[in-house]
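Only one structure is covered here, and it is reproduced in the block below.
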Amino acid sequence: MMELIQPYVETIVQAVIGVLVAAVLGAVAVLKGKVSTWLEARTTVQQREILHRLAQEASALAESAYISGGGPQKLEAAIDYVNERTKGYGIELSLLEIQAAVEKAVQDYNKAKQQAAAAVGEQQ
């Protein structure tokens, strides 16, 4: 009797193992996709943080280096600074992205400067 049932049991066990292996491989594929997406998003966030820090540094450098210089000269110096530094970090950005980050840093700087001046004016 056992000899008659054994081939069926082996077939069922092999089928169950096959299903389990397929489920594990499917789960691994899904997890791999999610991890890759998370890593790409995380890298992009880190790269953006680096870009904004460098833009702030560049705008401060341009403001101090070109006190009497015009806006275009300051902007060009800041863009060159950020472009060189991002390449050092292995971050590839377009000049437009760099210019946008620098312009935002300048706007933030000017806003903070105006707020500080207004606060001093109110105290007097």
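Every letter in the sequence shown is one number past the one before it in my numbering, and letter 57, counting from 1, is 558. Just so you know, even glycine gets a beta-carbon here, dropped at the ideal spot from N, CA and C.
Measure the beta-carbon distance from Leu-552 to Leu-594 and round it to whole angstroms, keeping in mind my assumption that it falls under 8 angstroms.
With 8 angstroms as the limit, Leu-552 and Leu-594 qualify as a contact, their Cβ atoms being about 7 angstroms apart.
Using the C-alpha atoms, what's the distance from Ser-537 back to Leu-505?
Going from the Cα of Leu-505 to the Cα of Ser-537 covers about 49 angstroms.
Quick check on DSSP: helix, strand or coil for Ser-537?
Of the three classes helix, strand and coil, the one that applies to Ser-537 here is helix, per DSSP.
Can you give, in chain order, each stretch of the alpha helix (DSSP H) that sits fully within the segment 541-597 and has at least 4 residues?
Runs of the alpha helix (DSSP H) inside the segment 541-597: 572-589.
How would you label Ile-580, buried or exposed, when you count the other beta carbons within 10 angstroms and need 16 or more for buried?
Looking at its Cβ environment, which holds 16 or more other Cβ atoms inside 10 Å, Ile-580 is buried.
By how many angstroms is the C-alpha of Thr-545 removed from the C-alpha of Lys-605?
Distance between the alpha carbons of Lys-605 and Thr-545: 18 angstroms.
With three or more C-beta pairs closer than 8 angstroms as the rule, is the segment 555-564 touching the segment 602-619?
Result yes; three or more Cβ-Cβ pairs closer than 8 angstroms.
Quick one, which of Gly-519, Glu-577, Ala-524 has its alpha-carbon nearest Ala-559's?
For Ala-559, the nearest C-alpha among the options comes from Glu-577.
Compare the beta carbon distance of Ile-568 and Val-583 with 9 angstroms and say whether it is the shorter of the two.
No, Cβ-Cβ distance for Ile-568 and Val-583 is not below 9 angstroms.
If you count every other CB in all the chains shown that lies within 10 Å of the CB of Leu-532, and 16 or more means buried, which is it?
Classification of Leu-532: exposed, given that the 10 Å Cβ count is below 16.
By the three-class DSSP mapping on this structure, what secondary structure does Met-503 have?
Looking at Met-503 - three-state DSSP - the assignment turns out to be helix.
For Lys-535, does the count of other Cβ atoms within 10 angstroms reach 16, so buried, or fall short, so exposed?
The residue is exposed, with fewer than 16 neighbouring Cβ atoms inside 10 Å.
So, Tyr-590 versus Gln-616, is the Cβ gap smaller than 9 angstroms?
It is not a contact, given that the beta carbons lie outside the stated cut-off.
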